[in-house]
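Comments concern the structure below.
Protein chains: 2
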Amino acid sequence: MSLIPDVPRLFIDSSFIEGDVVVLDKDQSHYLIKVLRLKPLDQVLIFNGRDGEWLSQLEPGETRKMAVLRPLRQTRPQAPANDLHYLFAPIKHARLDYMVQKATEMGVSHLRPVHTQYSQSARVNLERMRANAVEAAEQCGLLSVPTIIEDVSLPQALAALEPDRLLIFCDEAAEMFNPVKALEQHKPSSKLAILIGPEGGFSHQERTMIKERSLTLRLSLGPRILRADTAAIAALAVVQAVLGDWR
Amino acid sequence: MSLIPDVPRLFIDSSFIEGDVVVLDKDQSHYLIKVLRLKPLDQVLIFNGRDGEWLSQLEPGETRKMAVLRPLRQTRPQAPANDLHYLFAPIKHARLDYMVQKATEMGVSHLRPVHTQYSQSARVNLERMRANAVEAAEQCGLLSVPTIIEDVSLPQALAALEPDRLLIFCDEAAEMFNPVKALEQHKPSSKLAILIGPEGGFSHQERTMIKERSLTLRLSLGPRILRADTAAIAALAVVQAVLGDWR
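Protein chains in written order, with the numbering used here: chain E, 1 to 247; chain C, 1001 to 1247.
Here's what the structure looks like:
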């Protein structure tokens, strides 16, 4: 899969109907007209998470500040979405931005911050998370943007998981064992959730609570200490390679 | 493996002999005395890539600005080093820093920038790379710091690889196939090199040159476009999980 060079790519939260124009909001209009300085008939790739990717062209709007896009042809059909939740203890600003972008690149479908006893950050800006996810999806050629789910406490997050969703618990304290072999015990393409704790790890009480959940796999991410954002990409890579859409 | 909380950790480029003090250079002395404000008898974990990790204590130096550490006891023996080279097309400053830190966390033994036709950056600051590798090794509890090898052109980098080193070529244009199965065809713990290209990919000519090398495996990193720094961690995670020290 490759992008069309020099054609900007935009996530748009409305339906595309062939022959029918899409009117952009103020921010996206500003971005195309003022930042990228596009002119009428310039091309833009658009996706909305439902209708695949379309090549569209810019048309004059009712005012000079308003951008209107006309979908010309579908360039890629909508692919079946992953069902991969990524649960993580919130970290501080710049690194949280980064983590959200990277998890999006790696193909998660849902992102949920989970407050733990040793979380670094008590407040989470969900709108900022969403903006980072949209940006990564636009840049990396994704066809949808992961859903950001409201932050909750660890017990609430565990309670909210469906019983048939495999929880992959990346546990620093897990005995070292082969992560590929451990994952291969489970059915590919099943409903998955990955849980990554704060850099201080989980408390003993939290760890017990997680291990008591029935469909839960403790996974070791090797012999070194990984920072939370590294652990996110590493865990997602191994899970996607063994059970997900890299196969 | 866990670190001792609140005890700073320092890479020191000299030998440790029990009972014999280690005299620090100006920068490291400044860091311990002025930045961390350590006092005599405060503890520091030290490693040099050869003698394992030692708990040491700060002792007064000849001048107030000079730090001297006395090794007290070995806290971890030196582990056998990986033999995993990471070859990559240089990217721009901040993201290069990040990539070097992450590759270090993931356990590479050698880092080598490789200039390609579509590289983003022509100049590489090897000293800065080294500083980033040291910092990541200190923070993540490593026992050694990866070697930074001088940047060269792609043909030179390929020629410098020993014939029995498996080159894992992360190729955006590779047909999608199961990366775990592909890696499992090879012997674990063998001499490895991972090559990640620039975000524009390799040229046709470069790709042909790489594929012509005999012990070379083309690896697909899934259906999405990954940024170079994400691809680095993702590839290293899968390789470490299947052939490296995560097993």
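We treat Cβ as the ideally placed atom computed from N, Cα and C, and that holds for glycine.
Under the 10 Å beta carbon count, K102/E is surrounded by 16 or more other beta carbons and is classified as buried. One thing to note: V1108/C has its Cβ no nearer than 9 Å to the Cβ of P1179/C.
D51/E and K65/E have their C-alpha atoms spaced approximately 26 Å apart. Of all residues in the stretch 1215 to 1240 of chain C, the ones placed with a Cβ closer than 8 Å to any Cβ belonging to chain E are S1220, L1221, G1222, P1223, R1224, I1225, L1226, R1227, T1230, I1233, A1234, A1235, L1236, A1237, V1238, Q1240, in chain order. The beta-carbon distance between V1152/C and V1100/C, rounded to whole angstroms, is 17 Å. This is too long to meet the 8 Å contact definition.
Assigned with DSSP and collapsed to three states, V1134/C falls in helix.
With a contact defined as Cβ atoms closer than 8 Å, I1225/C and G141/E qualify at about 5 Å. In its own chain, leaving out the 5 sequence neighbours on each side, no residue places its CB closer than 6 Å to the CB of A1237/C. Minimum Cα-Cα distance from L161/E among the listed residues E175/E, R130/E, R37/E, L111/E corresponds to L111/E. Secondary structure remark: continuous beta strand (DSSP E) runs of at least 3 residues inside the stretch 136 to 222 of chain E, in chain order: 166 to 170, 192 to 196, 216 to 219. Taking all protein chains shown into account, Q205/E has fewer than 16 neighbouring C-beta atoms within 10 Å of its C-beta and is therefore exposed.
In the DSSP assignment, no residue is bridged to V1035/C. For V1068/C, the beta-bridge partners assigned by DSSP are V1023/C, E1059/C.
When rounded, the separation of the alpha-carbon atoms in F1047/C and V1035/C is 20 Å. V1022/C is positioned such that its CB atom lies closer than 9 Å to that of P1071/C. Against chain E, the beta carbon of N1132/C has no neighbour under 9 Å; the closest one sits roughly 13 Å away. Taking 8 Å as the upper bound on Cβ-Cβ separation, chain C lies near residues E172 of the stretch 145 to 175 of chain E. Annotation: T216/E to A157/E spans about 14 Å, alpha carbon to alpha carbon.
A straight-line Cα-Cα distance of about 7 Å links M129/E and I148/E. A straight-line Cα-Cα distance of about 15 Å links N125/E and S119/E. By the Cβ neighbour-count rule, H85/E is buried, with 16 or more other Cβ atoms within 10 Å of its own. Residue state for E53/E is assigned as strand, using DSSP reduced to three classes.
Q1139/C belongs to the set of residues whose beta carbon lies under 9 Å from a beta carbon in chain E. Counted as a single uninterrupted DSSP element, the stretch harbouring I46/E is not any alpha helix (DSSP H) but the beta strand (DSSP E) occupying residues 43 to 47. For P1198/C, not one C-beta of chain E is nearer than 9 Å to its own C-beta. Exposed is the label assigned to V7/E, since fewer than 16 other Cβ atoms lie within 10 Å of its Cβ.
Going by beta carbons, R95/E and Q1139/C fall outside the 9 Å limit. With fewer than 16 other Cβ atoms inside 10 Å of its own Cβ, L41/E counts as exposed. According to DSSP, P1113/C shares a beta bridge with F1088/C. With its beta carbon less than 9 Å from one in chain E, M1106/C belongs to the interface. For R76/E, no Cβ of chain C is located within less than 9 Å of the residue's own Cβ.
Between the alpha carbons of P77/E and W1246/C lies a distance of about 38 Å.
When the Cα atoms are used, Q1117/C and L10/E turn out to be separated by approximately 29 Å.
With 16 or more other CB atoms across the displayed protein chains lying within 10 angstroms of its CB, M1106/C is buried. Around D97/E, the same chain offers N132 as residues with beta carbons nearer than 6 Å, after the five sequence neighbours per side are excluded.
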